[in-house]
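Per this note's numbering, residue 1 is the first one in the sequence shown, and the count goes up by one each step.
Each residue gets a CB set at the ideal place from its N, CA and C atoms; glycine is no exception.
The structure presented is a predicted model; accordingly, all values stated were derived computationally and were not measured.
Below is one structure; the comments refer to it alone.
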Amino acid sequence: MKKTFSLSDIENILHHLNYRWKLEALALWKGDNAPFETHQIYEGYEAFINPDTLTYIDRLENNTAKNRLRHALIDHYLQRVLLPHETEMRAWMRGAVALVHDERLYFRDVIPWCQKSGTYEKRQILQKETGPLCKFLKPFALNYWNVLLDLLRKDLGFENYLTYCEQKKEIPYARYYETIKKFLSETDELYFPAMERWTKNRFGRPLSDLTRFDAIKLLCLEQFDLLFPDKTMKELTTFFRFWQIMPENLPGLQMELGKEKEKASQGISFLLQIPEEVYILMRPRGGWIDIETLWHELGHGFSAVFTSPELSITDRDMATTFALSESYAFFLQNLALSRPVLEDYLGLSPDDSEDFFYHKTLRDISVFRRYAAKFMAEFEMFSSGDLSNGERYAELMARYTGFYYQPEGHLFDLVPEFYCLEYLLGWMGAAILEDHLRGRMGERWAFCSETGDILKKWWEQGNQYNIFRFMDKNNLGPMSPAPLLKRWNAVLNP
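Structural data, given as structure tokens:
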């Protein structure tokens, strides 16, 4: 006899399964033992995680709730089937090692290694080492993606991957492909001459000599770390008292900021239950990357813990797109290295602040262009249906960033569901939020208590709106890269 599910059943089961996965990921990121074996997550839910369950969801009248519950179920269906393929791929990736002289570098350690150690010559060796590793791992990655695409077409009836993502995220990807392409061309003259000067000053080499591994070194702003103030991680959060926010005392927010070796090196937020259970994890490495990482993750954390508990489960915990959360994260990350904060909160001299802020802005446009080029490459790749060829990826990355990217590494730089565009939308959204606050309170907006009041009103809306509807509902204007271009021009082309 087929089991039937009520709306309440569906919401609660999906929320419980989401929580299980997040709890598993949190434990692994902390370096703890997982609370259960991964294959046990779905035990007892086999009858529920089935395309047939979608028929109950499709009867809902609320289209937003319907779409979110529908795709939450699809997520678990795909995850359950893909689990053995993903486990195999990740097992091989975990064991992949690049030898740089006497150093053994695992894939997961490449970014922090490039940021804080290594020479140009060593990064050249890393480049040569990772190429064959990517070629060896490519069949495992391709297998994963081919299985996923087959599931979407044959089991779930989606025409293609683009259709699936557009229905889930409600983002017009083709339109944004053209918008981003045009914006990149418009900023070529702003970006390339400035980046050429920076690479020659920093490395004594033209941009054309450099690879993505050199970009990692350059863009972490390590050259300015001697200016970083002698403050503990906890002290770096005292700024938010201007907004009547004390992160260490916020109900629901748990910050784990120690240097435990078991912890993953990358900072991350885990929103187990919004607003009751939110974790921020990072392992400080010293320098400006620490405050940027911390404030970025606090953007995710604050927007979660200040979410109204009166909202429904779907409006709190089941967003299908995270561009709005990324807006808050990039908003705080940009604020952390703004000139008022650098000078009046962190104590830099005006001359040091000006030099640092110039290069921080140049870094921002470079990283934006990296995400933009990746989005374009992914859009073209999935539009053509050819995931095996990385030549176009390498061509676009070099064209828009100036750094060389290996064609064989394209699948290992691919972010599922076009998340690169959500970063770009988040970056645009952050600039819109900042412009609004500056317009209301002037250049000292960051130090006004009213800023905290406005942000809390935005945050309490949770995830009930996607970024487009949020901007409309709060009279913030349409999504546009224009405020970003204005910001970059003011610094790089005064």
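Self-check item: Backbone secondary structure at Glu498 - three-state DSSP
Solution: Absent from the structure is residue 498, since the part of the chain shown begins at 1 and ends at 494.
Self-check item: Bridge partners - Arg104, DSSP secondary structure assignment
Solution: By 1-based counting over the sequence shown, the position of residue 104 is 104. BP columns for Arg104 point to Leu99.
Quiz prompt | Leu492 to Leu226 span [Cα, whole Å] | solution = Taking the sequence shown and counting its residues from 1, the one referred to as residue 492 is at position 492. Taking the sequence shown and counting its residues from 1, the one referred to as residue 226 is at position 226. Approximately 23 angstroms between the Cα atoms of the pair.
Practice problem: Flag Ala482 as yes when its Cβ comes closer than 7 angstroms to any non-hydrogen atom of the ligand NAD, and as no otherwise. | Solution: As far as ligands go, the structure on display features none, and thus does not contain the ligand NAD.
Exercise. Rounded to whole angstroms, what's the CA-CA distance from Phe270 to Ala34? Just pull it up for me.
Key: Taking the sequence shown and counting its residues from 1, one reaches residue 270 at position 270. Taking the sequence shown and counting its residues from 1, one reaches residue 34 at position 34. When rounded, the distance between both Cα atoms is 15 angstroms.
Quiz item: Between Ala304 and the rest of its own chain, which residues show a CB-CB distance below 7 angstroms, the 5 nearest in sequence each way excluded?
Solution: Indexing the sequence shown from 1 puts residue 304 at position 304. Taken in chain order, the residues that qualify are Leu271, Ile274, Pro275, Val278.
Quiz item: With 16 as the cutoff for other CB atoms within 10 Å, does Phe136 come out buried or exposed?
Solution: Along the sequence shown, one-based indexing puts residue 136 at 136. Exposed.
Self-check item: Minimum length 3: unbroken beta strand (DSSP E) runs contained in the segment 408 to 467
Solution: none
Quiz item: So what does DSSP say about Ile313, is it helix, strand or coil?
Solution: In the sequence shown, residue 313 corresponds to position 313, counting from 1. If DSSP states are grouped into helix, strand and coil, Ile313 belongs with the helices.
Quiz item: If we count the other Cβ atoms within 10 Å of its Cβ and call it buried at 16 or more, is Leu156 buried or exposed?
Solution: In the sequence shown, counting from the first residue as 1, residue 156 sits at position 156. That one is exposed.
Quiz item: Can you tell me where the beta strand (DSSP E) with Ile268 in it begins and where it stops?
Solution: The count along the sequence shown starts at 1 and reaches residue 268 at position 268. Taken as a continuous stretch (DSSP letters only), the beta strand (DSSP E) holding Ile268 covers 268 to 273.
Quiz item: Terminal residues of the continuous alpha helix (DSSP H) containing Leu257?
Solution: By one-based count along the sequence shown, residue 257 stands at place 257. Unbroken run through Leu257: none, as it is neither H nor E.
Quiz item: For Gln127 versus Cys220, is the C-beta spacing smaller than 8 angstroms?
Solution: As a working note, residue 127 is residue 127 in the sequence shown. As a working note, residue 220 is residue 220 in the sequence shown. No; because the gap between Cβ atoms is not below 8 angstroms, this pair is not in contact.
Practice problem: Give the range of the alpha helix (DSSP H) segment to which Ile280 is assigned. | Solution: Residue numbering aside, residue 280 sits at position 280 when the sequence shown is read from its first letter. Segment 277 to 281 is the beta strand (DSSP E) holding Ile280; no alpha helix (DSSP H) there.
Self-check item: Span separating the alpha-carbon of Thr314 from that of Asn160
Solution: Stepping through the sequence shown from its first residue, residue 314 is reached at position 314. Stepping through the sequence shown from its first residue, residue 160 is reached at position 160. Cα to Cα, Thr314 sits roughly 26 angstroms from Asn160.
Quiz item: Straight-line CA distance for Glu88 to Phe140?
Solution: Locating residue 88 in the sequence shown gives position 88, counting from the first residue. Locating residue 140 in the sequence shown gives position 140, counting from the first residue. If I take the Cα positions, the gap works out to 8 angstroms.
Quiz item: Closest by CA to Thr496, which one among Gln461, Ser449, Leu424, Pro494?
Solution: No answer is possible for residue 496: it lies beyond the span of the chain, which begins at 1 and ends at 494.
Self-check item: Presumed contact (8 angstroms Cβ cut-off) between Glu422 and Thr321, rounded CB distance
Solution: As a first step, residue 422 is located in the sequence shown; it is residue number 422 there, counting from the start. As a first step, residue 321 is located in the sequence shown; it is residue number 321 there, counting from the start. Glu422 to Thr321, Cβ: 6 angstroms. Contact.
Quiz item: Can you tell me the Cα-Cα spacing of Val110 and Tyr164, whole angstroms?
Solution: Translated into positions along the sequence shown, residue 110 becomes position 110. Translated into positions along the sequence shown, residue 164 becomes position 164. Roughly 32 angstroms between the two C-alpha positions.
Self-check item: Top-ranked residue by Cα proximity to Lys217, from Leu83, Glu121, Arg399
Solution: Stepping through the sequence shown from its first residue, residue 217 is reached at position 217. When only C-alpha atoms are compared, the closest one is Glu121.
Quiz item: If you follow the alpha helix (DSSP H) that Met195 is part of, which residue opens it and which one closes it?
Solution: The count along the sequence shown starts at 1 and reaches residue 195 at position 195. Here the alpha helix (DSSP H) through Met195 covers 188 to 203.
Quiz item: What's the gap between the Cα of Ala47 and the Cα of Tyr77?
Solution: Taking the sequence shown and counting its residues from 1, the one referred to as residue 47 is at position 47. Taking the sequence shown and counting its residues from 1, the one referred to as residue 77 is at position 77. Answer to the nearest angstrom: the Cα atoms are 11 angstroms apart.
Self-check item: Of the listed residues Tyr419, Pro416, Ser366, Phe382, nearest to Met397 (C-alpha basis)
Solution: If you number the sequence shown from 1, residue 397 lands on position 397. Here the closest residue by C-alpha is Ser366.
Quiz item: In whole angstroms, what separates the C-alpha of Thr53 from that of Pro309?
Solution: Mapped onto the sequence shown, residue 53 falls at position 53. Mapped onto the sequence shown, residue 309 falls at position 309. The alpha-carbon atoms of Thr53 and Pro309 are separated by roughly 28 angstroms.
Quiz item: In three-state terms, what does DSSP make of Tyr404?
Solution: In the sequence shown, residue 404 corresponds to position 404, counting from 1. It is a strand residue.
Self-check item: 7 angstroms CB neighbourhood of Pro284 in its chain, flanking five on each side removed
Solution: If you number the sequence shown from 1, residue 284 lands on position 284. Cβ neighbours of Pro284 beyond the five flanking positions: Met233, Leu257, Lys259, Asp290.
Quiz item: In whole angstroms, what is the alpha-carbon distance linking Thr237 and Leu162?
Solution: Working through the sequence shown from its first residue, we reach residue 237 at position 237. Working through the sequence shown from its first residue, we reach residue 162 at position 162. C-alpha separation (whole angstroms): 40 angstroms.
Quiz item: Does the beta-carbon distance from Tyr419 to Leu184 come in below 8 angstroms?
Solution: By one-based count along the sequence shown, residue 419 stands at place 419. By one-based count along the sequence shown, residue 184 stands at place 184. The answer is no: Cβ separation not under 8 angstroms.
Practice problem: Leaving aside the five residues before and after Tyr56 along the sequence, list all residues of the same chain whose C-beta is less than 6 angstroms from its C-beta, in chain order. | Solution: Your numbering for residue 56 matches position 56 in the sequence shown. For Tyr56, where only same-chain residues beyond five positions count, the Cβ hits under 6 angstroms are Phe5.
Exercise. Could you tell me whether the Cβ atoms of Ala98 and Glu129 are closer together than 8 angstroms?
Key: In the sequence shown, residue 98 corresponds to position 98, counting from 1. In the sequence shown, residue 129 corresponds to position 129, counting from 1. Cβ atoms of Ala98 and Glu129: closer than 8 angstroms.
Exercise. Using a threshold of 8 angstroms, state whether the C-beta atoms of Lys332 and Gly299 are closer than that.
Key: Working through the sequence shown from its first residue, we reach residue 332 at position 332. Working through the sequence shown from its first residue, we reach residue 299 at position 299. This sequence places Leu at residue 332; Lys is not what is there. The criterion of a C-beta distance shorter than 8 angstroms is satisfied by Leu332 and Gly299.
Quiz item: Tell me which same chain residues have a C-beta within less than 7 angstroms of the C-beta of Gly385, skipping the five on either side of it?
Solution: Residue mapping note: residue 385 aligns to position 385 of the sequence shown, counting from 1. There are no such residues.
Practice problem: Kindly indicate which three-state DSSP category Leu253 falls into: helix, strand or coil? | Solution: Locating residue 253 in the sequence shown gives position 253, where the first residue counts as 1. Strand.
Exercise. Put Phe361 into one of helix, strand or coil per three-state DSSP.
Key: Along the sequence shown, read from residue 1 onward, the residue named residue 361 stands at position 361. Per the sequence shown, the amino acid found at residue 361 is Thr instead of Phe. Helix, per DSSP.
Quiz prompt | Reduced DSSP category for Thr163 - H, G, I as helix; E, B as strand; rest coil | solution = If you number the sequence shown from 1, residue 163 lands on position 163. Correct three-state label for Thr163: helix.
Quiz item: In this structure, what does DSSP give as the bridge partners for Thr211?
Solution: Here residue 211 corresponds to residue number 211 of the sequence shown, with the count starting at 1. Answer is Tyr404, bridged to Thr211.
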